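**Student:**
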Amino acid sequence: MDEAGVRTVGDAFKTLFHELHDKLREQVRGLDQGTLNWRPLPKANSIAVLVTHSLGSEREMIRAVRSVASDRDRDSEFKVEAEAADLLGLLDQADRELDEHLAGLTVEDLTQDRPRKDQEPKPGLLWLISLRRCPSGAAPPALPLRRCPSGAAPPALRATSP
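Shown next as structure tokens:
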């Protein structure tokens, strides 16, 4: 792979991640704090947790590809409670950091093995590709946010009876 290939890959991932962030913004915008932090089941995750955890995973992965240390506290992502403005701010921050890292992407970042926590090292390109899909091949876990496994909708999205 040459520098032109790196730019092409970087631009493609920038587009994909910005599209994902925009979809997350659409899901979050206008929801009240109760809806964002509602858990459909005791051990299920809220919308706020899903967004925060997805962005934490994304940030850690991109930093691993760039060989930049991560200060991620994964466990805290599952305890978060947030308002829409907080989550929209996290998405804006994720866009900025993503743009910065992808602008500095190198041939080595994509082709050389990169460690990530306790997982086997992989070439950076494989880490980036794995971030865009779930192991099952399904859509990223945060989409769609307004459906839950039980089929129930969060409180603010339920139809009200007359």
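Under our numbering, the first residue of the sequence shown is numbered 953, with each subsequent residue one higher.
Using N, Cα and C, we set each Cβ at its ideal position, and we do this for glycine too.
The model shown is predicted, which means the values in this text are computed figures rather than measured ones.
Which term fits P1087, buried or exposed, when burial requires 16 or more other beta carbons within 10 angstroms of its beta carbon?
**Tutor:** Walking along the sequence shown from the start, residue 1087 turns up at place 135. Low confidence applies here, because P1087 scores a pLDDT of 41, under 50, leaving its location unreliable; read the following figure in that light. The residue is exposed, with fewer than 16 neighbouring Cβ atoms inside 10 Å.
**Student:** Would you call S1019 buried or exposed, if buried means 16 or more other Cβ atoms sit within 10 Å of its Cβ?
**Tutor:** The residue you call residue 1019 lines up with position 67 of the sequence shown. Exposed, since its Cβ has fewer than 16 Cβ neighbours within 10 Å.
**Student:** Beta-carbon within less than 7 Å of R977's beta-carbon, same chain only, minus the 5 sequence neighbours each way: which residues are those?
**Tutor:** On the sequence shown, residue 977 is found 25 positions in, with the first residue counted as 1. Closer than 7 Å at Cβ, skipping near neighbours: L1040, L1043.
**Student:** In the DSSP assignment, find the unbroken alpha helix (DSSP H) run with E955 in it and report its ends.
**Tutor:** Against the sequence shown, residue 955 aligns to sequence position 3. Looking at the DSSP string, the run of the alpha helix (DSSP H) that includes E955 is 955–980.
**Student:** Using only the alpha-carbon positions, how far apart do D1061 and P1075 sit?
**Tutor:** In the sequence shown, counting from the first residue as 1, residue 1061 sits at position 109. In the sequence shown, counting from the first residue as 1, residue 1075 sits at position 123. Taking the straight line from one Cα to the other gives about 7 Å.
**Student:** Can you tell me whether D1115 is helix, strand or coil according to DSSP?
**Tutor:** This structure cannot speak to residue 1115, because the chain is shown only from 953 to 1114.
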